[in-house]
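Asker: Residue numbers (our numbering), protein chains in the order written: chain A, 4 to 523; chain B, 163 to 341; chain C, 701 to 1369; chain D, 3 to 101; chain E, 150 to 650. Pasting a structure below so you can have a look.
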Amino acid sequence: MINVLLWAPLAFGIVGLFLRGRAVGWWATLGTVVTLGVAIGMVAGFDSGSSGLQYTVDTPWISGLGVDYSLGIDGLNLFLILLTTLLWVGGTAFAAFREQERPQLFFFLMLLAETATLGSFLAQDLLLFVLFFDFMLVPFYFLFGSWGTDRKDGPTASAATLKMMIYTLIGSLLMLVAAIATAIISADGGHLTFSIADLQRQGLPLDSQRWIFWFFAAAFLVKMPAFLLHGWMPDAYRAAPLPVLAVFSGVLAKVGAYGFLRIVLPLFPEATVEFQEVVLIIALASILYGSVMAFTQTNVRLIAGYSSVAQLGFITAGIFALRADGSDGAVLQMVNHGLVVAPVFIIVAILFERTGTEDIREMGGMALRAPVLAALFLIVALATLAMPGSANFIGEFYILNGLFQAKIVFALIAISGVAMSAYYALRLYQATMHNRLPSRPGGGMLSREISLRDGIVLAPLVLCIVALAFYPQLILHRTAPTVQQTVSAATGGQAPEATLAGGEPKVLQFEEVFSAQKEP
Amino acid sequence: MEAVIFFLAAIGAIGGAVGVVALQNPFYSVLALVAHLFSLAALFLLLTAAFVAAAQVVVYAGAVMVLYVFVVAYVGGGGEPVADPIHGQRFLGILVASILFIELSVAVLGSALLALETEGPKVPAGFGDPAAVGRLLLEKFLLPFEASSILLLIAAVGAIVLAQRKRESEPQEGVSGPV
Amino acid sequence: MSATSWAWLVLLFPLVGSIAIALSFKAIPSKAAGLIGTAAIGAAFICGIAALVCLLGEDPEARHHASSLWDYASVAGLDIKLGIYVDPLSVFMVLVVTGVSTLIHLYSYGYMQSDEGYHRFFSYLNFFVFSMLLLVLAGNFVLLIVGWAFVGFASYALISFWYRRKTATKAGMKAFVINVVGDIGLVLAAFLIFREIGSFDYGTVFEKAPQVFHTNEWTVVAICLLLLVGAFAKSAQLPFHTWLPDAMEGPTPVSSLIHAATMVTAGVYLIARTHTLFVLAPTAADIAAFVGLATLLVAGTIALVMTDLKRAIAYSTMSQIGYMIMGVSIGAYSAGMFHLMTHAFFKALLFMAAGSIISAMANKQNIDEMSGFGKAMRFTSITFVCGALALAAFPGTSGFFSKDEILAYAHARGGMYDIFQILGYFGALLTAIYSFRLVFRVLPGKPCKEAQELIDTGHLAHETPRNPASGEEEDTDVGFPGAHHHIAEQSPGMKIAMGVLAFLALFAGLVQVPGVDETITHFLDPVFADSPLAEIVPSVGASWVGLAIGAAISLVGIGIAYWLYIVRPETPAALIRRFGWLHTFLYNKWYFDELIDVLIVRPALAIGRFANRFFERFVVDGLVTGTEETVRGASGVVRAVQNGFVRSYALLLIVGFAGLVLYFLIVQS
Amino acid sequence: MNIEWYIVLSALLFGIGAVGILVRRSPMVILLCLELMLNAGNLALVAFSREVGNQQGQVFALVVMVIAACEVVVGLGLIVAIFRRKLPLNVDDLRELRG
Amino acid sequence: MNFHEPHIDYAGIAPIIALTVGLVVVLMTSVIRPLRRTAPFLTILTLGATAGLLIWHWDESLSLITGALQLDNLAISISLIAIFMAAACVVLSIGEPATREAGSGEYHALLLGSVLGMVLLAQASNMITFFVAIETLSIPLYILCATNLRREGSLESGLKYLIVGSLGSATLLYGMAFLYGGTGATDFAGVASGIVHKGLLGDGLILVGIAMAAVGLAFKTSIAPFHQWTPDVYQGAPTPITAFMAVATKAAAFAVFLRFFDVALGPQVDDWAPALAVLAAISIVVGNVGALGQSSLKRLLGYSGIAQAGYMLGGVVVASESGTSSLIFYLAAYAFMNLAAFAVVIARERETIFGDDIRAVEGLGASRPLLAWPLTISMLGLAGLPATAGFIGKLYLIEALVEGDYTWLAVFIAVGTMISLGYYLKVVAAMWMRTGGETVPGGSPAIAGASPEADPIDPGASRRIYLVGPALLAAAATVFFGIIPQPLVDFASHAGASLFG
C-alpha cells in the first residue's frame, strides 16, 4: 500500500515519457489522482487513536552501511501526505490544461518530484530521509530552470535556480554529515543503524547534539526559508513556472518544518531545549520580516513568497514552543498553509494570463467581470490572513496559545504578524479584484471569468479550505497523539498543558511574565 | 686516503652538477653531466658497489649520453635568454631548493640511526660485485628486473612513435646544429 | 423545543439565506434574492421570540443554557467546542439584532432595487446578521472571536461594497485592519484567560473566575484591558474610532444596520457579557468608563461641525455608544443595554431617512447643499424628526428614558461617578444641538435644486452620481445605482420600515419607565445577579429628578439649535469666523487620523522601505553575493597560479614538498 | 668516511638538480637535471645499502638507472617531435594550456 | 654460493603474463600488415583475459615471487577498475585521430603497457616493484598524451607531464631511499617491522622519507598542491586517454597509497594521517574552486578530478577497513560517472567545431537526448546528488571519516560538494536550459579546440554506437548503483577486508 503511494507517481511518469502530445498531461494527472486516491484510502484506514507508526515497511537497503528502506505514517505526516498528493493533482491538472513544451519531460519531472517529496515525508530511516530531502531538489531544478521565465531585469531562470540549488543544498549536505554522525556516535561502536526510532532509543551525548542540531536546523531553516536564509527565494520564485511553484511552495517548505518535528525534537531533545530561544528568535524575525516585506512588495509572487516566510515563522514558533498545543497548531498550519498558498499561485497564473503582468499596480477591477474568480480568491485571501473561523485561524490560535503559555513575550511579538498579514492579504485581494484598472499604455487587460477547466482545478482546493474551516478537529485529533509523544520526548515526559487544563489553576505573578521566557 | 678520494669525487660530482645547471649551451651541459657521472662512479666504488659503478659508466656515460649528444646535435642547442620570464622564479627556485637541502640534511644528521655515523658494518668480500648483485636480481628481484626490461621495450616503442617520420608531418628544412 | 434549539435555528436561517443567495447568484431574479434575504432574517426574528418565550417559561435562576454541536478543535487541553450560550442577555441581543435587521432588509429591498450588486448585497447582509448572532450567542471565547471577526469582515465587505470606489476600498481596509487589532486584543485575552483558568468556555470561566482572581490582581486587569481593546475597536471608541466615519462609504442601509444599530454595539455587549471579570477588575472598568465618556464628548463636538450628513450621524453614533460603554462599565448594565436597544431604533431610523434624502440628492451628502426637504419629502422628514427627537432625548421619547437612566445610575453610585452624570448631561446638550442642527439645515427653508425638481416633477435628480469624497464619477456598471435611481421613500418596503422604527423611536422607551415598569431590568436581572454593582439602584425619585434635568437640557439644546439655524442663520458663520481655530480643530476631527498616520502608518511603511531598499539588498543578498564573490575570487587565484609555465608547476610542487618535509620535521621534535 | 657525508652530498646534488629544473628552459637541460636528481637518489641508495650492509639498495640503483634511461629516451623523443612540429624548444613557450 | 631459483607461482602471475603477451602481440600487429586493423580487438581480448584471470583469483591472497607482489582483493578490484577503463578507452579510441598518428598497434601496446604498470602497482608489496610499476604506468602515459602529434596541445601536455612526473618520481625515489636506509628493507612488511624494531618511530629520517613518498603518490593522484599538471594534461591529451588516465591512474596510485601507507608505514599513522587530511582538504578546495570558471569541459573534469581525489584521500587518511572499502566504492562509482561524461565529450568534440568547449553541449537536451542524459546523470553523480552512485560513495566515505574521527574533513567534503554544484550544474544548464549552439562545421576557427590543426569533424559522431553505447551504459550503471548499491558495496568491502582482515 505505502509502496504504491510512494512509487505510483514515478511509475506513471516513466510511462508518460513514451506518450505523445496532450495525452501526456492527462496521463500524468491520472497518475496524481490515483496517488491521491491511495492517500485518501490510507487516511480513512488510519487508526486515529494510536501515536505509533502505521502502514510500516522496513527492509534493509544497504546492509553494509546500516541504511534501511523503512517507511511509515503517523500523525505527523498523515495529512502532509494528503496535502502533497492533493496539491499535485491541482498543479499537474493545471499544467495539463495548458500547452507545455517537451511535455513528456515536464510531467515526468513533475511526478518524479511528487515521489521524492512523498518519500521525504514517509521515510522513517534518517538517511533515507536525507536522501529524499536532497533529491527533491533535482526535479525542481529542472522544472524551474527549463520551464521558468527569464527576467529582463534580473537573473535568468537557470541562474536563479542554480542559486536556489546551492543555497538549499548547503544545509542538506551538512545535514548528511550530521545524520551520519548521529548514527555513528549513538551506535558508539555497536550495530550501526539509521532507523529514527532506534536512534531515539539510543540517545546522543549533549555535546555532539549541539552541533548536529545546528546542522539539521540549517537544512530545515533554509528550506522553509527562514529569515536571513531566504536569499534564494525571491529570484527562484520569480523564475519558477507557476503550477510548479504552487506545489513547491505549498509542500516543500513544509518538509523543513516537518523535519524539526520528525527528527530534531526526538533525536536531539536536550539541544532542542537548549536552543529553544535562539530558534524562536529566528522564527519571530521571519514572521516580522516576512510580513513587512509582504506588504511592501508589488510583485504578486513575492507577496505570496514573503507571506510564506512569515507563515513558516509561525509554524516554527509553534514547534519550538515545545508544547503539545503549539505543535498541534504547527502541524495543522502546515496543511492549511499548503492549502492556501497553492491556490494563490494558481490564481496568480490565471491573473497573469488575463493581465500579462504580475505587478499589482497594473491590475485591478477583476471582480467586475469575474465574480466567481473573485469569490474564490476572497476565500483564499481570508484563509491566508487566518480569518477566525478558518482552519488557519485555529492553527495560528494553537500555535500562539502554545507560545503564549510557554514564552509570553515571544507570543506578544509574534501576534503582531497577524495584523500585518491581514493587511497584505487583503491588499493583494483588493489590488487585483477591486478598484478600477489603472489605464495602462499597453492596455489589453481582459477581465475574463475563470474558465471552467481552471475552476475544476481551483474549486476543490477552495472547498477543502472551507471544509477544514468547519471541522479542523478532523486533523487535530488524528495528529494529537503523535505530537504529544514527540513533544514530551523533547521536554522530557512532562506535558505542560496537562497541569494547566485539568488541575488546580495556577496564579501567575506579575514578575513571572518576564521571567517566563527564562524558564527552560 | 679514502677521504681524499671522497672529497675529490664529491667536488667533481658537485662541479659537474653545477655545470649542468649553469652552462648555457646544452651541449656543454651534457659534457658536464658526463663528468658528474664519472665522479659518482668513483663514489660508488668507495661504497663497495663495483657493479653499480661499472653500470653507471657503461650505461650512462656510454649509451645514454651518446644519445643525448645526437639529439642535441639534431635539434641544435641554442642558449636561452638570460632574463627569466617568470617573475622571481630564479630566486624562489634557488631559495626553496636550498631550504630543501637543509631540511634533508637536518633529517639525516638528526636521525637516531647510529649506523650513519659509522663507515658502515664490515661487509663480506664480494659485496656488491656483479655475481652478488646479479644473483639478487635473478632471485629476489626477478620481477622488477623483468618489468624494467618490458619498460625499456615500451620506452623504445614510445620513442619510435614520437620520433618516427610521417609523410604529413615531415618538416621541410634540414637539420641545423653545432659540431 | 428548548431555547437552545431555537437559538440554533436563529443562527441557521441567516446562514442558509446568505449561502443560498450567494450560490443562486444570477440564477434567480434580484427581487427573489431580496425576498429570501428578508424572509430569512424574519424567520430568525421569530425563532428569537420563540426562544424568548421558552426562556420566560423558566424560573429566572435557571435561565441560562449551553449547547454544543461538535468538538470544533479541542485537543491538548484546549476545549473549543462549537457551542452556544443562551441567557436573557443573548436573547435580548438576538431580538434587537434580528428585529432591526428585518426592518432594514425590508428597507434595502426597496433601496437597493436598481443596484447591480443586489444579490451580493443581500448575501453579505444575511452573512452579517449570521455573524452578529454568532457573536452574541457564542458559548465560548473562541467562538466569540470568530463571530467578532466575521462581523468585522462583513462590515468590510459592505463598506467596500461599491468596490470601484477607491475611497470605499480604502475605508474598508481601514475598518478591517483596525478591527483585526481588536480581534488580537480578544485573542490575547483568551490566551491569558486560558493560562489562568484553563478553559475558554463561558460557564467554566465565569464560574471559576471569582476563586482564581482576587480583585484588581494584575492578570484580571490585563484580561479586561485586552477585552476592552477588542470592544473599543469594534465600538469605535477612542482611539480606535477613526474607521467609523469612513465606513459611511458603504450603502446607507449598511450604515444604518451595521454602523449604527448592531455591530458597533458589540463592544457594549462584550463588557456586559464579561461583567464578572470587570467586577474583579474595577480599575479596568473605570478606564472603560472614562474612555466612553471621552468618546461621547469628542464625538459630540465633532458632530457639531460635520457638513457631511452621514458622517455627522456617524459621530453621533460614536457618542451614543460612549454612553452605553460608560453605562455598562460603571455597572448600569440593564440601562446600558436599554440604551443600546433604543439607540438601535432611532439611529437606524435616522440613517434610513438620511439615505432617502441622499438618494434624492443624487448622492450628494453635503448638508450645505440641502434645504427644503420638508416640503419635498414629507414622510421622510417626519421620520427624520422622530429620530432626531429620540436622539436629542426629547421628553417621552425612547432616548429620553434610556440615556437618563444611565446618568441616574452614575449619580446613584456616587463618588467620582458623579463626574459621569455631569459631563453626561453636557454631552446630552451637545447631542440635542447637533441632532437638530441637521434637522434645521435639511428640512426647512427654500427647496434646493433637487428638492425643487422633486416638488415640481415628482421625480428625482438625474445627474450622473459622483463620489462625494473624491468627486470622481461613479462607474455605474459595477453595481453603483445609476441615474435611474428612483427609490427615495417610494418603495412601500422602505416606508413600512421607517414607519415602524419611527414608532419605536418615539414610544419604545415606555417599556422601562422608572417606577412604572422596568421590564428590561427585570428580564436581564438574572444575568447580572452575581454583580455587586447590580444591587445599586437609583431611587425612583432620583431617577425622576434626573429625567427632569434631562428634559430641560434637551429642550435647551433644541432651542439653541433653533436660534442658531432658523432665527439667526448667519450666526454659525459668524461663530466660525470668531472661533476659526476651534472650528478647524473640530472639523479635522481632532486630528486623530493624522495622529495615527504619524504614529503607526508612516513608521510601518518606513520600516518596509528600509527592509526593501537596504536590508534585503545589502544584508540578505549581500550574504549570498558575498560568499559568491569570495569563491569566485579564490577561483581566480587558483586559475592565475595555473599559469601554464611548467617550471612554476615544478616550483609549487617543490614548495609543497618542502612544506610537507618541514611539517614532518616539526612533528618529529 | 661516514655514511652521513654521502647522504648529505646526495641531498646537495638533489637540490642542485631541483634548481636546474626550476631555472632552465631548454627541455634537454631539464632532462639532464632530472638525471641529476635520479642519480642523487642512486647515490643515497648505494650509500644506504653500504650502511645497512645489504645489496638491495644497489639493485634498486640499477633498476633506477634503467628507468632513468627510459625517461631520457621518451623525453628526447618528445623533444624531437616538438622540433618536428617546428615549435620552439623552450618550455616557457609551450603554454597554450593554462588557466 | 650457488643460484637458488626463486619459486614462481605461475597461476598467480598469470594475469601479468597475459598482459605482457598481449602487449607484445598487439605490438606485432603494427608490423605485420594484414593484422593492422586487429589491434583494438586483440587489446580488448587481452584485457578480457586478464580480467578473467584476476577474477579467478578473487578472495585469494597470494604473495608472489619472493614477496614482490601481493595478489589480494584490493589489488584485483583496483586492477579490474583499471582494466575496465582501459577497455572503455579502446572503444572510445575508435576513430580517434591519435590512433592514426601513433599507429594503432603502438597506441594500444602503450595502453596495455600502462595497464600492466597499474596491475603491478596494485599488487606491489616491495618498494622496487613499486617504483618500477609506477614508472611502467607513467611512461606510456607520457607518450600517449603526446600521441596526437598534430596538435600542439597534445605535445605540450606530454612534455609537461613528463617533466613534472619525473620530478615526482625522483622525489618518490629519494623518499624510498631514506626509508630503505632507515629500515634496511625494501619490502613493505620489512619496512614496517624495521621502523618498529629499530626504534625509529618518529625518527626524522623515516618521517622525511614518508613525506617524500607522500609527495610522489600525491602527485600521481593529483592531490593539491601537486596537482598542477592535471588540468593541462587532461585538456591536452587525446580525450580517450584523458578518460583512461583520469580514473585508472588514480585507482592504481590509490591502491599503492593504501598498501604502502597502511602496511609499510602503518606504525607511523598518527604522524602522516593529519598531514594527508590537510592535503585532502586543500585539494578539495583547490579543485572545486578552480573548476568554477572553466569553459573547457576536459579542463573542468580535470579540476573536478582534483577535488574528487581529495574526497578519496579521506579513505586513506582514516587508515581503516571501512576507509579502504569506501575508497574502492568511490573509485568504482567514479569510473562510471567519468566514463559517461567523457564519452559524451568525445562524441561532441568530434561532431562540433567547439571541441571540448562547453558550447559544444548547449541545447543537447533538445537535440541529442541520448547524449544529454548520460552527461546529466554523470554530472549529478559527480556532484553527489541522491539516486546516483556518487551519493552512495560520498555517504560511504563520510561514514568512514566520521568513524575515524575526521568529521571536520567530512564537513569539508560537504562544503566542497556545494561549491562543485556551481560548475556541474552549469554544464547541466547548458544542456537543458539553453538553445543549441550551431553544430555544423565552418564556424570561426578562433574557437577553442578548433585551431588550424583541428581534428576532422565527424558529423555522425553522436550516432556512433561505440560512443553512445558506453555513455548510456555507464550512466545506467551510475543510476543502478545509486538505487541498488548493495553489490558494489560488497565488492568494495571485500577489497577493504583483504587489506585489514
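Using N, Cα and C, we set each Cβ at its ideal position, and we do this for glycine too. None of these values were measured; they are calculated from a predicted model.
Take Asp95 (chain D) as the anchor and find which of D:Arg26, D:Gly17 and D:Ile18 has the nearest alpha-carbon.
Answerer: Taking only the C-alpha atoms, the option nearest Asp95 (chain D) is D:Arg26.
Asker: Starting from Asp771 (chain C), follow the beta strand (DSSP E) in both directions and report where the run begins and ends.
Answerer: Run containing Asp771 (chain C): His765 to Asp771, per the beta strand (DSSP E) assignment.
Asker: Could you please give the first and the last residue of the uninterrupted beta strand (DSSP E) stretch that includes Gly75 (chain A)?
Answerer: Segment Val70 to Ile76, the beta strand (DSSP E) holding Gly75 (chain A).
Asker: Can you name, in chain order, every residue of its own chain whose Cβ lies under 8 Å from the Cβ of Leu20 (chain A), other than the five neighbours on each side?
Answerer: Closer than 8 Å at Cβ, skipping near neighbours: Gln107, Leu108 and Phe111.
Asker: Please tell me whether Val219 (chain B) has its Cβ less than 8 Å away from any Cβ of chain D.
Answerer: Not an interface residue.
Asker: Beta-carbon of Val421 (chain A) versus every beta-carbon of chain C: anything under 8 Å?
Answerer: Yes - at least one Cβ of chain C is within 8 Å of the one on Val421 (chain A).
Asker: Return the Cβ separation of Ser306 (chain E) and Asp381 (chain E) in integer angstroms, given the expectation that the two are a contact with Cβ distance under 8 Å.
Answerer: That pair is a contact at about 6 Å.
Asker: Consult DSSP for Thr2 (chain A) and reduce its assignment to one of helix, strand or coil.
Answerer: The structure shown does not extend to residue 2 (chain A), since chain A is modelled only from 4 to 523, so the question has no answer here.
Asker: To which residues of the same chain is Leu299 (chain B) closer than 6 Å at the C-beta, ignoring the five residues directly before and after it?
Answerer: Correct list, in chain order: Phe307.
Asker: What separation, rounded to the nearest whole angstrom, lies between the Cα atoms of Ser801 (chain C) and Leu1129 (chain C)?
Answerer: Cα to Cα, Ser801 (chain C) sits roughly 30 Å from Leu1129 (chain C).
Asker: Output, in chain order, the set of chain B residues within a Cβ distance shorter than 7 Å of Leu96 (chain D).
Answerer: Residues of chain B passing the Cβ test: none, with the nearest at roughly 12 Å.
Asker: Is any beta-carbon of chain C found at less than 8 Å from that of Lys166 (chain A)?
Answerer: Lys166 (chain A) counts as touching chain C.
Asker: Taking 7 Å as the limit between beta carbons, can you name the residues of its chain near Ile84 (chain D), skipping five residues before and five after?
Answerer: Same-chain partners within the cutoff: Leu91.
Asker: My parser needs the beta strand (DSSP E) runs of 3 or more residues fully inside the stretch 532–577 of chain E; what are they?
Answerer: Whole beta strand (DSSP E) segments, 3+ residues: zero.
Asker: Is the Cβ-Cβ distance between Tyr1349 (chain C) and Gln377 (chain E) less than 8 Å?
Answerer: Yes.
Asker: Tell me which residues of the stretch 251–262 of chain B have at least one Cβ-Cβ distance to chain C shorter than 8 Å, keeping chain order.
Answerer: So the close ones are Gln251, Leu254, Gly255, Val258, Ala259, Ile261 and Leu262.
Asker: On the DSSP letters alone, give me the boundaries of the beta strand (DSSP E) that Val244 (chain B) sits inside.
Answerer: Looking at the DSSP string, Val244 (chain B) is not in any beta strand (DSSP E), and its letter there is neither H nor E.
Asker: Cβ of Leu172 (chain A) within 8 Å of Cβ of Leu570 (chain E)?
Answerer: Yes. Within cutoff.
Asker: So if DSSP puts Tyr785 (chain C) in a beta bridge, which residue, or which two residues, is it bridged to?
Answerer: DSSP lists C:Ala766 as partners of Tyr785 (chain C).
Asker: Based on the DSSP secondary-structure assignment, which residues constitute the bridge partners of Ile987 (chain C)?
Answerer: Paired residue(s): none; Ile987 (chain C) is not in a bridge.
Asker: Out of E:Ile507, E:Thr566 and E:Asn222, state which residue places its alpha-carbon closest to the alpha-carbon of Ile204 (chain E).
Answerer: Ranking the options by Cα distance to Ile204 (chain E), first place goes to E:Asn222.
Asker: Taking the DSSP output, what are the residues bridged to Gln57 (chain A)?
Answerer: BP columns for Gln57 (chain A) point to A:Ile76.
Asker: Compare the Cα-Cα distances from Leu461 (chain A) to each of A:Phe100, A:Met45, A:Gly34 and A:Ala492 and report the closest residue.
Answerer: Closest option to Leu461 (chain A), Cα to Cα, is A:Phe100.
Asker: What's the gap between the Cα of Gly302 (chain E) and the Cα of Val1341 (chain C)?
Answerer: So the alpha carbons of these two residues sit roughly 19 Å apart.
Asker: Against Leu266 (chain B), what residues of chain E qualify as contacts under a CB-to-CB distance less than 7 Å, listed in chain order?
Answerer: The contacting residues are Val357.
Asker: Just the C-alpha distance for Ala519 (chain A) and Ile411 (chain A), rounded to the nearest angstrom, thanks.
Answerer: For Ala519 (chain A), the pLDDT reaches just 40, beneath the cut-off of 50, and the residue's location in the model is therefore unreliable, although a value from the coordinates is still provided. Distance between the alpha carbons of Ala519 (chain A) and Ile411 (chain A): 7 Å.
Asker: To which residues does DSSP link Ser1102 (chain C) through a beta bridge?
Answerer: None, per the DSSP bridge assignment.
Asker: Looking only at C-alpha atoms, which of D:Trp7, D:Ala13 and D:Met3 sits nearest to Thr320 (chain E)?
Answerer: With distances taken between Cα atoms, Thr320 (chain E) lies closest to D:Ala13.
Asker: Please classify Leu1319 (chain C) as buried or exposed, where buried requires at least 16 other C-beta atoms within 10 Å of its C-beta.
Answerer: According to the sequence provided, residue 1319 (chain C) is Val. The question's Leu does not apply to it. Exposed, because fewer than 16 other Cβ atoms sit within 10 Å of the Cβ of Val1319 (chain C).
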